[in-house]
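K.L.:
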Amino acid sequence: MVSTGNLKGDVIAGSVTVGVASFIGVLLRIKARRLRRVPLATVDYSMIAAMVLSWGIVIGNVTATQYGLGHHLQTLSMIELMTFLKVFLASQILWAIAIPVVKFSILMQYLRIFGVMAYMRICAWSLMAVSLMWGIMVVVVLLAKCQPLAYNWDKSLNGRCANEMLFYKIGTAINVVGDFLILILPMPAIWSLNVRLSKKLQVATVFVIASMQVFF
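Here my numbering is used: the first residue of the sequence shown is 4, the next is one more, and so on.
1. Within the continuous alpha helix (DSSP H) that includes N178, where are the two ends?
2. Would you kindly work out how many angstroms separate the C-alpha atoms of F210 and V179, rounded to a whole number?
3. Could you have a look at Q150 and say whether DSSP puts it in helix, strand or coil?
4. Report yes if the C-beta distance between G174 and V141 is below 9 Å; otherwise report no.
5. Going by DSSP, name the residue or residues bridged to C164.
6. Closest to V55 by CA distance: which of M111, P42, G28 is it?
7. Judging by CA-CA distance, which residue of I82, A121, F26, G12 is the nearest neighbour of K272?
8. Within this structure, are the beta carbons of Q150 and G162 separated by less than 9 Å?
9. Using the Cβ count rule (16 or more neighbours within 10 Å means buried), how would you classify S80?
10. Compute the Euclidean distance between the alpha carbons of L10 and G73, then round it to the nearest angstrom.
11. In whole angstroms, what is the alpha-carbon distance linking V90 and W98?
12. Where does R39 sit, in a helix, a strand or coil, going by DSSP?
13. According to DSSP, simplified to helix, strand and coil, what is L200?
14. When you compare each of A127, C164, S195 to L186 by their alpha carbons, which one comes out closest?
15. When the Cα atoms are used, what is the spatial distance from N197 to A35?
16. Please name the residue, chosen from S134, M136, E167, that lies closest to L145 on a Cα-to-Cα basis.
17. Please classify Y2: does DSSP put it in a helix, a strand, or coil?
18. Considering only residues of the same chain and omitting the five flanking positions on each side of R92, which have a CB-CB separation below 6 Å?
19. Look at I15 and T78 and say whether their C-beta atoms are less than 9 Å apart.
20. Please classify S201 as buried or exposed, where buried requires at least 16 other C-beta atoms within 10 Å of its C-beta.
21. So for Y48, helix, strand or coil by DSSP?
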C-alpha cells in the first residue's frame, strides 16, 4: 500500500524560509548603504535580481505543492500530475537563470574588494563566463530534451526525450565544481593580508558563510 503522507508543509516552510532570508539579507544591505549615504552599485542590483528570481522559485514551489510537489506521485490524478510537471519545468528554467545571477553577485563583490589583484580579475570573470554558459546550456537542454515540448508533461503524445539522467549528472557536476571554486577564490587574497592568523581565519569564515548562498 502506498502511504498518502506528504511533505507539502515542509516544502512550503523550507522554500519560504529561504526566500525570507534572502529578502532580509538584501534589505539590510540596502539599508546599510543608505545609512552611509552610498549609492547602490552594480553588485547591489545583481543581488536584488537574484533575490527576485529566488522568490520566483519560492512561488513556483508553493504553487507546485497544490498540484503534487511533496505528495506521492501515485496519489495524483492525471490532470494534477500534468499540471505539476508544467510548473516543475518552469521552476527548473527559473532556477537555471537564478543560479548564474547569484554567482555573478558574489563574484562582483569579490572584484569590488580584491579587484586590484590580477588573479582575482582573471578568475572572477572566467567563472562569470562559465556560469553564464552553464545557465544558457541548462535552459536550452530543458526546452529541447523532450520533443515535442508538451511531451515533458503529456506522455500520451508521440514524442521522445533524451537521456535526462546524463544531462542532470553533467549539469550538476559543472555547477558543484563552480560552487567550490567560488568558495575558495578569495582565500589566497585573504591569506596574503598582513594580519594575525586568527584575524585571517575570521575573515575567511565570513566569506565562506556569505558565499554559501550558492549552495541553496
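C-beta atoms are modelled at their ideal positions from N, C-alpha and C, and glycine is treated no differently.
P.N.:
Well, looking at it:
1. Start and end: 167–187.
2. Going by the C-alpha atoms only, they are around 18 Å apart.
3. Three-state result, Q150: strand.
4. Cβ distance < 9 Å, so G174 and V141 count as in contact.
5. Paired residues: C149.
6. Taking only the C-alpha atoms, the option nearest V55 is G28.
7. Coverage of the chain is limited to positions 4 through 219, which leaves residue 272 absent and any answer about it impossible.
8. Closer than 9 Å, so yes.
9. Flag for S80 reads exposed.
10. Going by the C-alpha atoms only, they are around 4 Å apart.
11. Straight through space, the alpha carbons of W98 and V90 are spaced by roughly 12 Å.
12. Looking at R39 - three-state DSSP - the assignment turns out to be coil, as it is neither helix nor strand.
13. The three-state reading of DSSP puts L200 in helix, counting H, G and I together.
14. The shortest Cα separation from L186 among A127, C164, S195 belongs to A127.
15. Cα-Cα distance, rounded: 27 Å.
16. Taking only the C-alpha atoms, the option nearest L145 is E167.
17. Outside the displayed span of the chain (4 to 219) sits residue 2, for which this structure offers no information.
18. The residue you asked about is not Arg; residue 92 is Leu in the sequence shown. Result list for L92: N155, in chain order.
19. Against a cut-off of 9 Å, the Cβ pair of T78 and I15 comes out as no contact.
20. Note on S201: under 16 other CB atoms within 10 angstroms of its CB, so exposed under the neighbour-count rule.
21. Correct three-state label for Y48: helix.
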